Amino acid sequence: MAADTFKQRILKENTLGMTPADQRSSIEIINPEIKRGCIKHVLFDFDGTISLIREGWQQVMIPMLVRRLLELKTGETEQQLHAIVEDFVAETTGKQTIYQMIGLADMIRDRGGNPEDPLVYKKEYLDLLWDRIKDRIEALKTGKVQPEQMVVRGSYRLLDLLKARGVRMYVASGTDEPFVKNESALVKVNHYFDGIYGAQDDYKKHSKKIVIERLLRENQVPGESLLTFGDGYVEIENTKEVGGIAVGLATNEQAGEGIDEWKRERLIKAGADIIIPEFSCAETLIDYLFGDIDRVD
Ligand SMILES: [Mg+2]
């Protein structure tokens, strides 16, 4: 029998001794030991954390990668390849797209194939993704859809509360920077941020890790003054590496509310200190993180 995928393993472990979702409050404190009350800088991931414009990108990337691997006719079934690719995409969520395409080239090479330049794959992926999101962008531009409908619930409230606390806020995304800037303007959040950083053509110059290190260095502040919100492994892990506070968004995007168990487990494994489903708990969460209250229930 084939080994469990990463996702299946997580779901299996989740049934052992974890509190059922319906018994958890909307703010779940994973690490009560964090040093609260010294936040000066707040970093946001963009896609899936604030913006829902690119929702469903995994359903574009996974089939594309599977298709490319199937072409090699290695004898692996579509199902087997799907499991491999699904794990790979989950483990690289939050990284720049080009790294995911470099990963595809590696997988092709490992199977005896002759990969194209990862930039070719990136372009193919972006074209496919564009087909999925172009109507959303158009609807936002023409006003057919309101910006509130394309952001994670409670985003504006949270951003307002943070602004009122006088912190500096930033976006760091693995999506190409021009897209992030354009889409943050479309959902009307760009004015909250002191910096919006996305992937560059010269991809080695950008990473969430580089953004975090630079903002701590330039502001001469310790890691504990950093608070990060993200729905991906990468930003959570990078934040914990410097001693910051990491809040993981385990949004159930299909239901639009509640916790996605699979995301929750993945974010906890990456080191998330707190898990939330979306930002409807913003007041309590901010009061807690800034040390005004000591309990969230
Ligand atoms: Mg994200």
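210 is the number of the first residue of the sequence shown in the working numbering; add one for each residue after it.
Just so you know, even glycine gets a beta-carbon here, dropped at the ideal spot from N, CA and C.
Keep in mind it's a predicted model, so treat the numbers as computed, not measured.
Who pairs with residue i in a beta bridge, going by DSSP?
i, result
"arginine 377", "His250"
"valine 275", "Looking at the DSSP assignment, valine 275 forms no beta bridge with any residue, so it has no partner."
"isoleucine 160", "The question about residue 160 has no answer, for the chain in this structure spans 210 to 506."
"glutamate 237", "Ile484"
"alanine 408", "Asp385"
"valine 360", "Ser260"
"isoleucine 342", "Note: isoleucine 342 sits in no beta bridge, so no partner."
Tell me which residues share the same chain as residue i and place their Cβ nearer than 7 Å to its Cβ, disregarding the 5 neighbours each side in the sequence.
i, result
"glutamate 433", "Lys244, Cys247, Gly452 and Gly453"
"aspartate 496", "Ile502"
"leucine 476", "Ile445, Gly457, Ala459 and Ile484"
"phenylalanine 488", "Val361, Arg362, Gly363, Ser364, Arg366 and Leu367"
For residue i, collect the residues of the same chain with a Cβ closer than 6 Å to its Cβ; drop the 5 residues on either side in sequence, then sort them by chain order.
i, result
"proline 356", "Val396 and Lys397"
"aspartate 336", "none"
"lysine 331", "Thr306, Ile307 and Met310"
"threonine 258", "Phe438, Gly439, Asp440 and Leu458"
"glutamate 462", "Glu264"
Out of the options, which has the shortest C-alpha to C-alpha gap to residue i?
i, options, result
"alanine 479", "Glu450, Lys390, Tyr334 and Gly407", "Glu450"
"threonine 448", "Val298, Met273, Leu370 and Ile419", "Ile419"
"leucine 281", "Ile271, Ile317, Glu386 and Glu237", "Ile317"
"isoleucine 293", "Arg277, Val251 and Lys304", "Arg277"
"aspartate 319", "Asp344, Lys413 and Thr283", "Thr283"
"alanine 408", "Val251, Asp256, His250 and Glu242", "Asp256"
"aspartate 565", "Ile238, Asp410 and Glu264", "In the structure as shown, the chain begins at 210 and stops at 506. Residue 565 is therefore absent and cannot be evaluated."
"glycine 322", "Leu328, Leu313 and Val329", "Leu313"
"leucine 436", "Leu368, Glu347, Glu325 and Lys304", "Leu368"
"alanine 381", "Ile236, Gly303 and Leu279", "Gly303"
Beta-carbon within less than 8 Å of residue i's beta-carbon, same chain only, minus the 5 sequence neighbours each way: which residues are those?
i, result
"asparagine 399", "Lys390, Ser393 and Ile405"
"glutamate 325", "Ala314"
"valine 298", "Gln267, Met270, Ile271, Leu274 and Gln309"
Residues passing the C-beta test against ligand 1 heavy atoms, cut-off 7 Å: Those satisfying the condition are, in chain order, Asp254, Phe255, Asp256, Gly257, Thr258, Thr302, Gly303, Gly439, Asp440 and Gly441.
Length at least 4, wholly inside the region 278-331: the alpha helix (DSSP H) runs in chain order: Qualifying alpha helix (DSSP H) stretches, in chain order: 287-301 and 306-319.
Within the region 425-457, ranges of the alpha helix (DSSP H) (whole runs, at least 4 residues): Here the runs fully enclosed are 442-450.
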